[in-house]
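Chains as they are written, first to last, in the working numbering: chain A, 374 to 550; chain B, 14 to 189.
No residue lacks a Cβ here, since even glycine has one placed at the ideal position from N, Cα and C.
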Amino acid sequence: MSPTILGLIIGFIFGAALILAGLADPDKIIGTLRLKDFHAMRTIAVFVIVSMLGYWLLDLLGYAHGSVKAAVIIPVIIGGVLLGVGFGMTGFCPGTGLACAAAGRIDAIVATAGMLLGALAYILLYPFIVPAMEGVWNYGKVTLPEITPISRTIYTIAIAGFGIIILFLTRPRAKTV
Amino acid sequence: MQNTVRSAPLKWLVAGIVLGLCQILAVALSDPLGVSTQFVIVDTKIIQSISPQYVQDHPLVSADKYQSFGYGWWLDIGLLIGAFVAAIAVRRWRIRGSTVWSHVNGHSLGVRFLLCFIGGFLVLLGARFAGGCTSGQFISGWTQLSLSAVPFTIGMFVAGMITARIIYPKTPRIDK
């Protein structure tokens, strides 16, 4: 299948799923970050667990197409913090922001315009700061099973177990609203 | 505007499984989910129309990856179409400018837009520094058990929780 068709199909499912899951909803995301709304957190936990289990199985069968990001600790932490601040201000990340814009949210269109400007700032800043940051604490495109003596199977079982404990602790109780 | 947050159309377990299967499909057939790279490609195309030389000399965007609309681009286009269709299908498509918690916390529409513009800027700037966003770094990172997902997750959630606490102090407990 051509990359165009494949991208469209997978993107379509992803976009539809973000709306149906309630993740493309800034109120649900803010509620999650405020630790007030555990529905979205449980959804995200199941999303991660299912994805991780699926990748593990595909990897065992030799069908997984990975694309591991370089673990360059300084820009990854700076980037995570900047993204987190923007995420906490808006309730949008790039994927849910686009999905919300498509669902009629004008504020998401404003956020998307901000994102395009953020990408421009990155292009303009890149030559001056990023290559310098990539020189230190750069572990390359590695996975946890590659850099530790623990196998992917053990990691997968342990993290899935941890996720299920989180799901149990945040299980739905009597509604408060 | 309505003053309560509507529950998600799908229950969390079903929603999480559907999203997970989407990621599995992506990994089995092409590449893991990721959204933010395409913003750089759009900007590169715009810069290219103004100054092709700048793009050609740039250490990052001169790479082929930033010059062409491939799988990732069509994934974002598909995402927009899928979200639009799904929102219509469950009758959630509605023009609106603000959110319930913005309203509850006393933010005017102007404040909401300002927060979104600055926040959107930081989200994408951060995503590119980190080499991926919530999809590409967090979800796809943990899917593959990438080392980079660990510092990214800590940075994102700690900063996100502190910021949300400052900007949306009055957010009630809900569970739907």
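Which residues DSSP lists as bridging residue i, in chain order
{"i": "residue 109/B", "result": "478/A"}
{"i": "residue 159/B", "result": "516/A"}
{"i": "residue 187/B", "result": "410/A"}
{"i": "residue 511/A", "result": "445/A"}
8 Å contact criterion, which residue i and residue j should meet: CB distance rounded
{"i": "residue 467/A", "j": "residue 49/B", "result": "4 Å"}
{"i": "residue 134/B", "j": "residue 448/A", "result": "Actually they do not touch by this definition, with Cβ atoms about 17 Å apart."}
{"i": "residue 525/A", "j": "residue 158/B", "result": "6 Å"}
{"i": "residue 391/A", "j": "residue 469/A", "result": "6 Å"}
Pairwise C-alpha distance: residue j and residue i
{"i": "residue 82/B", "j": "residue 399/A", "result": "28 Å"}
{"i": "residue 14/B", "j": "residue 432/A", "result": "With a pLDDT of 47 at residue 14/B, under the threshold of 50, the modelled position of this residue cannot be trusted; read the value that follows with caution. Taking the straight line from one Cα to the other gives about 48 Å."}
{"i": "residue 522/A", "j": "residue 410/A", "result": "37 Å"}
{"i": "residue 395/A", "j": "residue 73/B", "result": "35 Å"}
{"i": "residue 455/A", "j": "residue 511/A", "result": "20 Å"}
{"i": "residue 497/A", "j": "residue 503/A", "result": "11 Å"}
{"i": "residue 382/A", "j": "residue 149/B", "result": "18 Å"}
{"i": "residue 479/A", "j": "residue 121/B", "result": "14 Å"}
{"i": "residue 542/A", "j": "residue 78/B", "result": "43 Å"}
{"i": "residue 471/A", "j": "residue 481/A", "result": "7 Å"}
{"i": "residue 97/B", "j": "residue 31/B", "result": "17 Å"}
{"i": "residue 169/B", "j": "residue 112/B", "result": "22 Å"}
{"i": "residue 509/A", "j": "residue 446/A", "result": "8 Å"}
{"i": "residue 474/A", "j": "residue 65/B", "result": "31 Å"}
{"i": "residue 69/B", "j": "residue 75/B", "result": "5 Å"}
{"i": "residue 493/A", "j": "residue 458/A", "result": "19 Å"}
{"i": "residue 419/A", "j": "residue 67/B", "result": "44 Å"}
{"i": "residue 186/B", "j": "residue 430/A", "result": "37 Å"}
{"i": "residue 530/A", "j": "residue 518/A", "result": "13 Å"}
N-terminal and C-terminal residue of the alpha helix (DSSP H) that residue i is part of
{"i": "residue 462/A", "result": "446–463"}
{"i": "residue 87/B", "result": "84–102"}
{"i": "residue 51/B", "result": "50–63"}
{"i": "residue 18/B", "result": "Per DSSP, residue 18/B belongs to no alpha helix (DSSP H) and is neither H nor E."}
{"i": "residue 143/B", "result": "122–143"}
{"i": "residue 528/A", "result": "525–542"}
{"i": "residue 152/B", "result": "Neither: residue 152/B is in no alpha helix (DSSP H) and is coded neither H nor E."}
Proximity test, residue i beta-carbon vs the ligand HEM heavy atom, cut-off 7 Å
{"i": "residue 410/A", "result": "Among the components of this structure there are no ligands whatsoever, and the ligand HEM is therefore not found."}
**Item:** Near-chain B residues of the stretch 511–532 of chain A (beta-carbon distance less than 7 Å), N- to C-terminal order
**Value:** Only those residues of the stretch 511–532 of chain A whose C-beta falls short of 7 Å from the nearest C-beta of chain B are listed: 512, 515, 516, 517, 518, 520, 525, 528.
**Asked** Listed in chain order, which residues of the stretch 80–101 of chain B have Cβ atoms closer than 8 Å to some Cβ of chain A?
**Response** Shown in chain order are the members of the stretch 80–101 of chain B whose Cβ falls below 8 Å from a Cβ of chain A: 83, 84, 85, 86, 87, 88, 89, 90, 91, 92, 93, 94, 95, 96, 97, 98, 99, 100.
**Message:** Closer than 9 Å between beta carbons: that is the criterion. Which residues of the stretch 119–147 of chain B meet it against chain A?
**Reply:** Listed in chain order, the positions of the stretch 119–147 of chain B with a beta carbon within less than 9 Å of a beta carbon of chain A are 122, 125, 126, 127, 128, 129, 130, 131, 132, 133, 134, 135, 136, 137, 138, 139, 140, 141, 142, 143, 144, 145, 146, 147.
**Prompt:** Just by C-beta distance, which residues in the stretch 60–76 of chain B are closer than 8 Å to chain A?
**Reply:** Of all residues in the stretch 60–76 of chain B, 60, 71, 72, 73, 74 have a Cβ within less than 8 Å of some Cβ in chain A.
**Message:** At a CB distance below 9 Å, what residues from the stretch 392–415 of chain A approach chain B? Give them in sequence order.
**Reply:** Across the stretch 392–415 of chain A, CB contacts with chain B closer than 9 Å involve 392, 393, 394, 395, 396, 397, 398, 399, 400, 401, 402, 403, 404, 405, 406, 407, 408, 409, 410, 411, 412, 413, 414, 415, in sequence order along the chain.
**Positions along the stretch 460–483 of chain A whose CB lies within less than 9 Å of some CB in chain B** = Taking 9 Å as the Cβ-Cβ cut-off against chain B, the residues of the stretch 460–483 of chain A that qualify are 460, 461, 462, 463, 464, 465, 466, 467, 468, 469, 470, 471, 472, 473, 474, 475, 476, 477, 478, 479, 480, 481, 482, 483.
**Prompt:** Using Cβ-Cβ distances below 7 Å, what residues of the stretch 432–452 of chain A are close to chain B?
**Reply:** From the stretch 432–452 of chain A, only 436, 437, 438, 439, 440, 441, 442, 443, 444, 446, 448, 449, 450, 451, 452 have a Cβ closer than 7 Å to chain B.
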